[in-house]
Structure formats: C-alpha cells, structure tokens
Amino acid sequence: MRVLTGCPGKLVIMIHAYSMYGTNLVLDVSSGAVHVFDDTAFRVLKCFGQDGRLEEEKISKLREEFPEREIREAVDEIRTLISEGLLFSGDIYEEHLPQWTRNTVVKALCLHIAHDCNLRCKYCFAGTGEYLGERSLMSLEVGMRAIDFLIENSGNRRNLEVDFFGGEPLMNFDVVKGIVHYARTRERDCKKNFRFTITTNVLLLDKDKRDFINEHMDNVVLSIDGRKEVNDAMRQRLDGTGCYDRILPLAKTMVEERGHENYYVRGTFTRNNLDFGEDVLHLADEGFEQISVEPVVASADSGLDIREEDIPRACAEYKRLAKIYAERRASGRWFNFFHFMLDLEGGPCIAKRLRGCGSGTEYLAVTPEGDIYPCHQFVGQPRFLLGSVFKGFSGNPEREEFCNSNVYEKPECRACWAKYYCSGGCAANAWKFNRDIKKPYRVGCELEKKRIECALWIKAKEAR
Amino acid sequence: MKHIKTINGKTLNRDIKKAGCGECQTSCQSACKTSCTVANQKCEKE
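Chain order of the listed sequences is A and B.
In case it helps, our numbering puts the first sequence at residues 56 to 519.
In case it helps, our numbering puts the second sequence at residues -10 to 35.
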C-alpha cells in the first residue's frame, strides 16, 4: 500500500496505490480516476516522485528485473495519464469551499417518534431507547411543528427528508401516520417534495403498518443482525428472549410486498462477531438483496466495541467478503452490500464529499419534546442542544462548529486518501471517542478505508 | 494502453460550478446511522 502526496504550486497531489488479490489498483485522489496497473507499470509507478516526476536513479534499478521496452511503455502510459489529469492531479477544491458552505439550510430531519423500545439491544447507543432521558412518545403537535420548522428553514430546497426513528417508531405509529398526512397537505402549497423513511426493529410490523409504509415511505430500514445466534445474542426482548424468529419472516414479507425495492436490512456487528461476513451472507441466503451491516459504536466498557487490536481481523473479513461478494454477483446471485456500494461515474458531487453527512446543519434530529440536536447520536447531550422546533435555533455556538466542519478542517482527513469517500467521517463518533468533532474516530477510519479498497477492487473485477 | 487500464475517469472535478445544489439524500437517511458513508449516495441530477 502506498500513498504519495506532494504540493508543487501549492496544489496537494495524492495517489493511493495498493494490491488486492493480485490486482494493482491506483486511485488518483483529487480527480477520482481509478486505474488497474499490471506488475511492470505498478513497479514503474514507484519510480515517480511525489510531484509526479520520474526519478531516473530508481528506474535504472528496475532494468535488472524488467525489459527496457516494457519499462519505457509503462513510463509513457503513466505520463499520458498525468498529461490528461488522470494521475498526480492537484486538489483544486479548497478555494471553492466558501460557495458551498454559505446559506446552509435544513433539508432533513430525523424524528424521534418514540424514546422507548420493545427491545433491549445490548449495543444500543440510545440506552434502551430513552437517550439519556425519560421514556416518551412524540405527540402529533410536536411532529406537525417539526414539519413546519423544516419547511421554514429549507430555503429553496425542494426535496425534504424525514426519517421516522426511535427507539422504536412503530410503538407510536398513529403519530407517524398523522405527520405524513400533514406533510402531504403542506407540500403542494410550499412547493416541496417530502421523502419519508422509517427505521424499525420489525417486531410490530403488522399488515396495516406495512401497507402504510409501502404506500408512503421512500425507504424502509429493517433491523436484523444476521445469523440467529448473532442476532439473538444482542437483539433481545425485555424478557431476554431473542427476536430473530419473529422478525425474519416479517422482514421477508415486507420486502416481498415492496417488490424487493427501496429497503435495507441493516445489522450491527460487534467484536463478538468479527466474522460478520457470515451474517451478510446469511441475510443474502435468506433472499435479501439490499444489505447493510455496520460496525458497532460502543464504549470500551461495553465489551462490544471494535478495538485497535480488532482492526486487522475486521479488515481481513471485509477482504474475504469482497471476494465472495464479487463471485456471487458474477454468478447470478446478485446482492448489494451498502458498504461496498460506490458509484464512480455518478455519485455525490464534490461539494457533498467535502462536507459529509450535514449533521448539525442540513440534517438535524428532533426529540419527542421537540428539542433539536445535530443528529440522532447527539440526542440527550446538553452541550449539543441546538434549540427546539417551537422556538427555533437557540444560538448555541456548537452549531457553528458543525457548519464549519469539512475535510480541510480536519488535519487527519486533509492528509488521507479516502477523504472524498467518507467525507470526514461521523462527527458523533469523533465526539464520542475524541471529544472533538474534527478529530475522526481512528477505528472507524481504518474500517472505512478497507471498505473503500474492497469497493474499488470489486469495481475493477466487474469492469473486466 | 498495454499496461494500464482506466476503470474510472476524472469524475470528481467535473461540473464544479454546478456542485452543491443540496437536493440529494442525506447519507444517514439511507442505511447508515452509525458510520459516515457518503460516496455511495446518488446525485439528484444524474
């Protein structure tokens, strides 16, 4: 693995070169160009300095291993890529940043419909659903006011998003229905388009709720961790029994009724199942085609957190999964793993890639009482209380920190080859582990980088 | 090219002036609620 950086003419140049299963991949960080090098060209590339210039003394040593003609061909091809802006290109984005950070509006709310839950998942960042507070349910009045707040603060944005979250939102589903109907009555007059999503543990997903969700929700996230023994060790009812046998058939029915579109089954892995690839494959074997399984975010005292010493094994598991994933997709057993998804041709624009998820700015969480926090993971922490849907933003200076957060404001990110893919990482994780939203969570970074390497390798395999 | 195959061109620096419309989906509204995964989101203009 090799990262080169340099800054001739003040522009930062960075490439990331690595080999995976015998394929040599080279990412030109600033342009987003991705190349597959043969072994000769890969070795020749290492003879180029940080400024993209060939270092002759290095190339002379290569002549002992490779024919002169092959070396010259590779040098010419590399120089062609450089001249076309596809290799050793400079970072030209920082000067554009001000135009993308001013006039920030709100476009997405995570509504905490219920600070209560009918499960007691052992890794839950929401405690047992109550988020450091008391158990409570959002009223329709608060929900409607949240819709008004979103419209009022959305400027010219047409597409607005509302995620019904918890705790468990199905425990307060009449309010979910009421909020959806209210938003629909407002969107035409306000020239807005609401997109609804819901994240549920599936337990209460009866026919009535499924029908409503399928009619009104653009996306549904169904929580299940994978194998029965893995799921049931973490996702337990109040009486300690696992929920797998109840939720698996209900999730299948839901997906079937949605036509296998616009959903994710989503799981969490902990240090207790670093063979999480088996859980991804189990969900695929059960017929799910849209799968997300994420590393847990938990404190060290939980015993479940992914630790520094777990990184090599977790990365090896991503690599193992990538190989099986590519083989299955090539053999007609297609499924999509959310964390290997990468749209190289399209994908988000550079403005989004620099600023990330938008927590605290474009994206906010609203509690059952109407309080506003930067995102769902900050809920209940007084320092990050930003206001309420009734009184608006309180002027808490913490919001400015989120508005000013981008990859250039984070030294670790500025120097990282993966910054345009993770976009600076999760602010909540950074705060949880480093007490600084601009200092990324290292374990999360290492896993993210491995996922991106795997995703690029999969793209190379599928491009052949 | 004989030694190098380009599987993706320079996609990040195209249309810089048109970037930042903000109409796309927020990443945490899709399927990640505990890790930031931005690059797999779709551009609303595509």
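The beta carbon of each residue, even a glycine, is placed where N, CA and C say it ideally should be.
This one's a predicted model, so the numbers in the text were calculated from it and none came from an experiment.
The way I'd put it, the stretch 467 to 483 of chain A does touch the stretch 429 to 436 of chain A; three or more beta-carbon pairs between them come closer than 8 angstroms. In the three-state reduction of the DSSP assignment, tyrosine 418(A) falls in the strand class. The three-state secondary structure of methionine -10(B), taken from DSSP, is coil.
Distance check between isoleucine -4(B) and each of Tyr76(A), Ser86(A), Gly295(A) and Met69(A) places Ser86(A) closest, using alpha-carbon atoms only.
Threonine 308(A): member of the alpha helix (DSSP H) spanning 299 to 312, first to last residue. Taking the Cβ atoms as the reference, isoleucine 279(A) lies roughly 6 angstroms from glycine 322(A), within the contact range of under 8 angstroms. Contacts with chain B at 8 angstroms (Cβ-Cβ) do not include serine 460(A).
Contact of asparagine 214(A) with chain B by beta-carbon distance below 9 angstroms involves Gly11, Glu12, Cys13, Gln14 and Glu33. Rounded to the nearest angstrom, the Cβ distance from valine 217(A) to proline 224(A) is 11 angstroms, too far for a contact under 8 angstroms.
Methionine -10(B) has its alpha-carbon roughly 7 angstroms from the corresponding atom of glutamate 132(A).
In the pairwise beta carbon analysis, the stretch 172 to 192 of chain A is classified as not touching the stretch 440 to 451 of chain A: fewer than three pairs are separated by under 8 angstroms. Here DSSP, grouped into helix, strand and coil, assigns phenylalanine 267(A) to helix. Contact fails between the stretch 195 to 203 of chain A and the stretch 311 to 318 of chain A, because fewer than three Cβ pairs, one in each stretch, are under 8 angstroms apart. Taking the beta carbon of threonine 95(A) as reference, the chain B residues within 7 angstroms of it are His(-8), listed in sequence order. Three or more beta-carbon pairs separated by less than 8 angstroms link the stretch 497 to 517 of chain A to the stretch 369 to 384 of chain A, which places the two stretches in contact. Two segments are said to touch when three or more pairs of C-beta atoms, one from each, lie closer than 8 angstroms; by this definition the stretch 92 to 101 of chain A touches the stretch 70 to 82 of chain A.
DSSP assignment within the stretch 317 to 358 of chain A yields the following whole beta strand (DSSP E) runs of 3 residues or more, N-terminal first: 318 to 324 and 345 to 350. Taking a 10 Å sphere around the C-beta of leucine 511(A), we find 16 or more other C-beta atoms and assign the residue as buried. The beta-carbon of tyrosine 73(A) is placed no less than 8 angstroms from the nearest beta-carbon of chain B. For the set Cys477(A), Glu501(A), Lys262(A) and Gly401(A), the Cα lying nearest the Cα of lysine 34(B) is the one of Gly401(A).
Histidine 431(A) carries a helical assignment under DSSP once its states are collapsed to helix, strand and coil. Between the stretch 147 to 157 of chain A and the stretch 108 to 127 of chain A there are fewer than three inter-stretch CB-CB distances shorter than 8 angstroms, so the stretches are not counted as touching.
Taking all protein chains shown into account, alanine 353(A) has 16 or more neighbouring C-beta atoms within 10 Å of its C-beta and is therefore buried. Under the Cβ distance rule, valine 89(A) counts among the residues neighbouring chain B, one pair being separated by less than 8 angstroms. A Cβ-Cβ separation of about 5 angstroms places valine 351(A) in contact with tyrosine 178(A) under the 8 angstroms criterion. Under the DSSP definition of a beta bridge, histidine 170(A) partners with Ser191(A). In the three-state reduction of the DSSP assignment, aspartate 287(A) falls in the helix class, which pools H, G and I. DSSP places valine 498(A) within a helical segment (H, G or I) once states are collapsed to three.
Nearest CB-CB separation between methionine 396(A) and chain B: below the 8 angstroms threshold. Three or more Cβ pairs closer than 8 angstroms define a contact, and the stretch 266 to 273 of chain A falls short of that threshold against the stretch 281 to 290 of chain A. Residues of chain B whose Cβ lies closer than 7 angstroms to the Cβ of phenylalanine 457(A) do not exist; the shortest such Cβ separation is about 13 angstroms. Below the 8 angstroms Cβ cutoff, chain B contributes Leu1, Val27 and Ala28 as neighbours of arginine 408(A), in chain order.
Between the alpha carbons of valine 161(A) and alanine 28(B) lies a distance of about 21 angstroms. In the DSSP annotation of this structure, the continuous segment of the alpha helix (DSSP H) that includes glutamate 123(A) starts and ends at 123 to 138. Here the alpha carbon of methionine 75(A) sits roughly 42 angstroms from the alpha carbon of arginine 212(A). For valine 230(A), the enclosing alpha helix (DSSP H) starts and ends at 228 to 245.
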